[in-house]
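A.B. asks: Add 1150 to a position in the sequence shown, counting from 1, and you land on the number used in my numbering. Can you keep this structure in mind? I'll have questions shortly.
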Amino acid sequence: MNPIAQELNSALEGTVVSQLLSEFGKRFYFPKGIVSQAGEAKQKAHKFNATVGMATIKGSPMYLESVRKQVPGLTPAQMFPYAPTPGVPELRKKWREEMDVKNPSLKGKLTSLPLVTSGLTHGISTVADMFLDPGDPIIIPDMFWGNYTLIFEGRNRASIVKFDFFNEEGRINLSALDRAITAVKGDKFAVILNFPNNPTGYSPSVKESEEIVSLLKTWADKGKKILAITDDAYFGLFYEDETLKESLFGTFADLHENILAVKVDGATKENFAWGFRLGFLTYASKGLNSGQLDALTKKTMGAIRASISNSSKMAQTLVLNSLPADTYWKEKEEGFEILKARYLKVKEVIASFGSDSPLKPLPFNSGYFMTFQYKGNSEKLRTHLLDAYGVGTISIQEKYLRIAFSSVELEDIEELYTIINKAAKEVL
Ligand SMILES: Cc1ncc(COP(=O)(O)O)c(C=O)c1O
């Protein structure tokens, strides 16, 4: 094994991390190669710096004017150079500060500095590389973002263990979660919780969130080592009063020595910047001090260096520069209000569906989506909606139909749902 990896592993010895790391995670380290030598040169090479593989002229990056003139608000240095592998330092710091504002329970708690990833997908897949060996169990609700299958099973050959998301009362099925954990063999497991959930649009109430926390704590008390991942892609889009308005990461962060909390979030949906490919990956655990968080961060930097090397400098600059803007929170609030109005309209229209409707909405209170359970075949319904009405929806497992009300204008929602209800009766 590489000596740097060995050094990082010994810093983590005896912690939950060393018990959870995959073979890949154990092997990984951030090399003292070009990137780190260039970093050193940046500090000390006062005469000539001939380290980085970029083309410069009079100390500035070379660029094509036809590209630069499209973004007049940025200097070439803010756009064209490579970003550091872990991300632009000021952005990492600012995003961490913002996390405290958004998650009051996190305030004052020790976490790693967020690592910048190329969107949340890359963050999740990096976590999977770091912690999941073939056959390792990862627990997810049976309603989940389809890409988890490709990442956890397809890439990492981990074993997805599903639990029924909802119970009879339309609440999170904690006994099913408990049963899934009970069925796990061995002394460790991963769990990924995505609230607001894709595809259902459900987030837990404060009470349900406390129950989830207490369930995981009970298992940690019994000695299970738990990788608790929160996928906070749609964070902030909570439309109802009773809903928890924070990420569970805030509580997981110092819940138990046997729990390693990982937060994956980003600008993608939260800041309406889907194509920027800007995500963040943050670690915390009651059992980790800052040196150990640093060792884990360095290992993860190796994984980032080996996959995408670093994320877009321009996207990081644009988001960083937007954070202190006077209007930043107001702009976000405006986006939220538009989506909330659509959500409320969806609720209103669905409430007017007659009892003869073959569509039953699954519980939803947040995010971009809602999902119907359909009495017939939802794939047939999807194609019928497309062919007969020119309406695009997503069918899941042939029994669910997901509607992204986030991408439909308020004034079109009534017509959209009326068509869906009509079509659902036609192909039953
Ligand atoms: C639950 C969930 N997680 C993660 C992602 C991926 O986000 P990104 O586009 O930043 O990779 C999505 C995107 O649809 C999602 O729905």
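Just so you know, even glycine gets a beta-carbon here, dropped at the ideal spot from N, CA and C. The structure displayed is predicted, hence computed values, not measured ones.
Along the alpha helix (DSSP H) that carries Gln1220, what are the first and last residues, could you check?
C.D. replies: Where Gln1220 is concerned, there is no enclosing alpha helix (DSSP H), given that its DSSP letter is neither H nor E.
A.B. asks: Does the beta carbon of Leu1270 fall short of 7 Å from some heavy atom of ligand 1?
C.D. replies: Yes.
A.B. asks: Under the criterion of a Cβ to heavy atom distance below 7 Å, does Thr1418 qualify as lining ligand 1?
C.D. replies: Because some heavy atom of ligand 1 lies under 7 Å away, the Cβ of Thr1418 counts as near it: yes.
A.B. asks: Less than 8 Å separating the beta-carbons of Thr1401 and Ser1255?
C.D. replies: For Thr1401 and Ser1255, yes; Cβs fall inside 8 Å.
A.B. asks: Is Arg1307 close to chain B, meaning its C-beta is less than 8 Å from at least one C-beta of that chain?
C.D. replies: Of the protein chains in the structure, only one exists, and it is not chain B.
A.B. asks: Helix, strand or coil: how does DSSP classify Leu1489 here?
C.D. replies: Helix.
A.B. asks: Would you check whether ligand 1 has a heavy atom nearer than 7 Å to the C-beta of Asp1415?
C.D. replies: No, since every heavy atom of ligand 1 falls outside the 7 Å radius drawn around the Cβ of Asp1415.
A.B. asks: Under the rule that 16 or more other beta-carbon atoms within 10 Å means buried, what is Tyr1478, buried or exposed?
C.D. replies: Exposed, because fewer than 16 other Cβ atoms sit within 10 Å of the Cβ of Tyr1478.
A.B. asks: If contacts are defined as beta-carbon pairs under 8 Å, then Phe1339 and Ile1289 qualify, I think. What distance do you get, rounded to the angstrom?
C.D. replies: Indeed, because the Cβ distance is near 6 Å, the residues count as touching under 8 Å.
A.B. asks: Under the DSSP definition of a beta bridge, which residues are partnered with Gln1523?
C.D. replies: Gln1523 pairs with Lys1510 and Tyr1550.
A.B. asks: Give me, in chain order, the residues of the same chain whose beta-carbon lies closer than 7 Å to that of Ser1283; leave out the 5 immediate sequence neighbours on both sides.
C.D. replies: One point to set straight first is that residue 1283 is Asp, not Ser, in the sequence displayed. Excluding sequence neighbours, Asp1283 sits near Ser1172 and Glu1173.
A.B. asks: Rounding to the nearest angstrom, what Cα-Cα distance links Gly1425 and Thr1418 in this structure?
C.D. replies: So the alpha carbons of these two residues sit roughly 7 Å apart.
A.B. asks: Quick one: any contact between the stretch 1313 to 1321 and the stretch 1203 to 1216, if contact means 3 or more CB pairs under 8 Å?
C.D. replies: With the cut-off at 8 Å, the stretch 1313 to 1321 and the stretch 1203 to 1216 do not touch.
A.B. asks: List the DSSP bridge partners of Val1341.
C.D. replies: DSSP lists Ile1289 and Ala1378 as partners of Val1341.
A.B. asks: Any heavy atom of ligand 1 closer than 7 Å to the Cβ of Asp1381?
C.D. replies: For ligand 1, at least one heavy atom lies less than 7 Å from the Cβ of Asp1381.
A.B. asks: Does the distance from the CB of Leu1551 to the CB of Val1558 come in under 8 Å?
C.D. replies: No, the pair does not count as a contact, with Cβ atoms beyond the cut-off.
A.B. asks: Buried or exposed: where does Thr1119 fall if 16 or more other Cβ atoms within 10 Å of its Cβ makes it buried?
C.D. replies: Outside the shown range of the chain (1151 to 1578) lies residue 1119, about which nothing can therefore be said.
A.B. asks: Please check the pair Ile1301 and Ala1330, which I expect to be a contact at CB under 8 Å, by giving their CB distance rounded to whole angstroms.
C.D. replies: That belief does not hold up - the Cβ atoms of Ile1301 and Ala1330 are roughly 19 Å apart, past 8 Å.
A.B. asks: Using a Cβ-Cβ cut-off of 7 Å (strictly less than) and excluding sequence neighbours within five positions of Gly1542, which residues of its own chain qualify?
C.D. replies: Same-chain partners within the cutoff: Leu1536.
A.B. asks: Can you say whether Glu1396 is buried or exposed, counting buried as having 16 or more other CB atoms within 10 angstroms of its CB?
C.D. replies: The residue in question, Glu1396, is buried, as its Cβ has 16 or more Cβ neighbours within 10 Å.
A.B. asks: Can you tell which of Arg1532, Pro1511 and Gly1386 has the C-alpha that lies nearest to the C-alpha of Glu1487?
C.D. replies: Per the Cα distances, Gly1386.
A.B. asks: With the cut-off set at 8 Å, would you say Phe1399 and Asn1344 are in Cβ contact?
C.D. replies: No.
A.B. asks: Name the DSSP bridge partner or partners of Ser1588?
C.D. replies: Any answer about residue 1588 is impossible in this case: the structure gives the chain only from 1151 up to 1578.
A.B. asks: Tell me where the alpha helix (DSSP H) around Phe1281 begins and ends.
C.D. replies: Start and end: Gly1269 to Phe1281.
A.B. asks: When you compare only the Cα positions, how much space is there between Lys1243 and Asn1460?
C.D. replies: About 17 Å.
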